[in-house]
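Take a look at the structure below.
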Amino acid sequence: MVGAVVVRGGRVVGEGWHRRAGGPHAEVEALHRAGERAKGADLYVTLEPCNHFGRTPPCVDAIVRAGVARVVVAARDPNPTVAGGGMGALVRAGIRVVRADAARARRAEKQNEKFRTWAREGRPFVLAKWAASFDGRIAAAGGASRWITGDASRRRALRLREEHDAVLVGAGTVLTDDPLLTRRLGLNRGGKHWRIVLDGRLRISERSKLLADPAGVIVVTSRPERSARVRRLVARGVEVWSLPGDGAGRISVRALLRRLARRGVTSLLVEGGAETHGAFFSAGIVDRVAVFLAPRLLGGRSAPAAVGGAGFSLGAGPRLVDVSIERVGEDLLLTARVAARSARRTRRRG
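Taking the working numbering as reference, the numbering of the sequence shown is continuous, increasing by one, and the terminal residue is 373.
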C-alpha cells in the first residue's frame, strides 16, 4: 500500500497510488500526473522507491528521468532485494533523500505490516479475530454463538475478510456453524480470496456449505493423499493439502504458513475456533488481534473462551501492545499488536 505526492513551490502537482500488483507504482503514477512540473520538485512517498526489475521497471529510474530534486521517504522497503538500495541509487544520482521522522515512519510501517511480514519472514501476516461477551466467552455453555455481537460488529468483521488474502477456520467451526467464509461487501474485487479449513482428521461434512462452491477452498489435513475421503474432495474440485501432523492429527501451522506464502498469500485472517486460535498462539505466529466485545455476560463453566489449547503460564503468555479501543455500534472493538517473543523475554529478565 503505497502513495506518492509531487510537490513544487508548496503546491501538490501530482499524486498517485499503487492500485494493484503488476500495475504502475505510486511514484510513476504521481510523476505522470505532474508531467514537466516534476522537474526540481519534491517527491513524498510512503515506501522506499524500488531499484530493481520486478513486474514493473525500477521507480528510481523514473524519478531520475523526471528531474526530481528531493525525495522524502516514510519507510524503508523490507524487501531484501530493495532494503536501502533504492535510496542509495537516488543519492548516487544526485537527488537529495530525506527520511521521515520516527512517528511517520511507524505509521507507514503499520500501513504495510502485512507486506513487511511476508517479505521479512516468508509467511503471511496473521490476524486473529473473535467475538466475545464481556466475560470472554465466545459461545454460551450450550454452544450457541449466534449472535453475541450486533449488526455493526458483524459488518465490520466481514470487512476484515476484504482486507486479507485468505480466511481460515478450524474443522470445529465448520461442524458447528457451517459458514460460507465468503466476501460479501464487494469492497475488494481484485485478487483471489482463499477459504481455508484446518481439519487434521478430515472431519468436516462433504455437504458443508463452503464445499458447494469449491473455488478458492483449501482443506488442510494430515490424512494421506491416497485416502478415500481426500480423493472424493479432490474429485469435487476442492484443493486438499496433506501436511504432516502429530498423533492427534494436529498440523504444523508454521508449515502451513510457509506453503501459503509460496502460493502468494501475504495476509491471513484466522477466525477460530478456540483450538485453532490456540494452535496459532502456541506457535508464536499471531501478529495482531481484533476482538469484538459485546456488553453482555454469558458465564458457565463449560462455555468456551477464545483461545484453547494447553494455555500459557503468566510469564510466558503472549503480550498485547499498542492497544486501541473503538466503539462499533453497541459493542467495543479492541485491536492490538502481539509483542515479539524476544521482547517478552527481555521484559521478564528486566
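Idealized CB from N, CA, C, for every residue including glycine. Keep in mind it's a predicted model, so treat the numbers as computed, not measured.
TODO: Go ahead and pull the three-state DSSP assignment for V276.
DONE: Numbered from 1 along the sequence shown, position 253 holds the residue referred to as residue 276. Helix.
Open item on the list: Using CA atoms only, rank isn't needed, just tell me which of P267, G268, E248 is closest to V261.
Closed with: Locating residue 261 in the sequence shown gives position 238, where the first residue counts as 1. Nearest to V261 by C-alpha distance, out of P267, G268, E248, is E248.
Open item on the list: Contact between the stretch 271-283 and the stretch 299-306 is defined here as three or more beta-carbon pairs at a separation below 8 Å; is this criterion met?
Closed with: Taking 8 Å as the limit for Cβ pairs, the verdict is that the stretch 299-306 does touch the stretch 271-283.
TODO: Could you work out which residue in V288, A92, A131 is closest to L113 when comparing CA atoms only?
DONE: Numbered from 1 along the sequence shown, position 90 holds the residue referred to as residue 113. Ranking the options by Cα distance to L113, first place goes to A92.
Task: Test item: CB-CB of A194 and R226 under 7 Å - done: On the sequence shown, position 171 is the one that residue 194 refers to. On the sequence shown, position 203 is the one that residue 226 refers to. Their beta carbons are under 7 Å apart, which means A194 touches R226 by this criterion.
Open item on the list: Quick check on DSSP: helix, strand or coil for D65?
Closed with: As a first step, residue 65 must be located in the sequence shown, where it is residue number 42. Three-state DSSP puts D65 in a strand.
- [ ] Assign G39 to one of two classes, buried (16 or more other C-beta atoms within 10 Å of its C-beta) or exposed (fewer than that).
- [x] In the sequence shown, counting from the first residue as 1, residue 39 sits at position 16. Buried, by the Cβ-count rule.
- [ ] Starting from the C-beta of K62, find all residues in its chain whose C-beta is less than 6 Å away, skip the five residues before and the five after it, and write them out in chain order.
- [x] The residue you call residue 62 lines up with position 39 of the sequence shown. Excluding residues within five positions, the ones whose Cβ falls inside 6 Å are G90.
- [ ] Indicate the three-state DSSP secondary structure (helix, strand or coil) for E136 in the structure shown.
- [x] Locating residue 136 in the sequence shown gives position 113, where the first residue counts as 1. Three-state DSSP puts E136 in a helix.
- [ ] Would you please verify whether the beta carbon of C82 is less than 7 Å from any beta carbon of chain D?
- [x] No chain D is part of this structure, which consists of one protein chain only.
Open item on the list: Taking the beta carbon of L292 as the centre, do at least 16 other beta carbons fall within 10 Å, making it buried, or is it exposed?
Closed with: Looking up residue 292 in the sequence shown gives position 269. It is buried - the Cβ of L292 has at least 16 other Cβ atoms within 10 Å.
Task: Identified DSSP bridge partners for I219 - done: Along the sequence shown, read from residue 1 onward, the residue named residue 219 stands at position 196. Answer is L191, I241, bridged to I219.
Open item on the list: Assess contact between the stretch 210-221 and the stretch 156-170, defined as three or more Cβ pairs (one per stretch) separated by less than 8 Å. Is contact present?
Closed with: Contact fails: fewer than three Cβ-Cβ distances are below 8 Å.
Task: DSSP state of R50 mapped onto helix, strand, coil - done: Translated into positions along the sequence shown, residue 50 becomes position 27. Strictly speaking, residue 50 in this sequence is Glu, with Arg absent from that position. Residue state, collapsed to three classes: helix.
Open item on the list: Give me the residue from D201, F138, T69 with the minimum Cα distance to T289.
Closed with: Indexing the sequence shown from 1 puts residue 289 at position 266. Considering only D201, F138, T69, the residue with the shortest C-alpha distance to T289 is F138.
TODO: Assign R368 to one of three DSSP states: helix, strand, or coil.
DONE: Residue numbering aside, residue 368 sits at position 345 when the sequence shown is read from its first letter. Reliability fails at R368, whose pLDDT of 47 lies under 50, so the model's placement of it is uncertain and no value is given.
TODO: Using the Cα positions of Y67 and R78, report the straight-line distance between them to the nearest angstrom.
DONE: As a position in the sequence shown, residue 67 is number 44, starting the count at 1. As a position in the sequence shown, residue 78 is number 55, starting the count at 1. Taking the straight line from one Cα to the other gives about 22 Å.
Task: Residues sharing a beta bridge with D3, DSSP - done: Outside the modelled stretch of the chain, which goes from 24 to 373, sits residue 3, for which no answer is possible.
TODO: Indicate the three-state DSSP secondary structure (helix, strand or coil) for S176 in the structure shown.
DONE: Indexing the sequence shown from 1 puts residue 176 at position 153. S176: helix per DSSP, three-state reduction.
- [ ] Go to A251, then tell me how far its alpha helix (DSSP H) extends in each direction, as first and last residue.
- [x] Here the question's residue 251 lines up with position 228 in the sequence shown. Taken as a continuous stretch (DSSP letters only), the alpha helix (DSSP H) holding A251 covers 251-258.
TODO: Please state whether DSSP places A44 in a helix, a strand or coil.
DONE: Counting from 1 along the sequence shown, the entry for residue 44 is found at position 21. In the three-state DSSP reduction, A44 falls in the coil class, being neither helix nor strand.
- [ ] Return the Cβ separation of V29 and H41 in integer angstroms, given the expectation that the two are a contact with Cβ distance under 8 Å.
- [x] Residue mapping note: residue 29 aligns to position 6 of the sequence shown, counting from 1. Residue mapping note: residue 41 aligns to position 18 of the sequence shown, counting from 1. Rounded to whole angstroms, the Cβ separation of V29 and H41 is 15 Å, and the two are not in contact under 8 Å.
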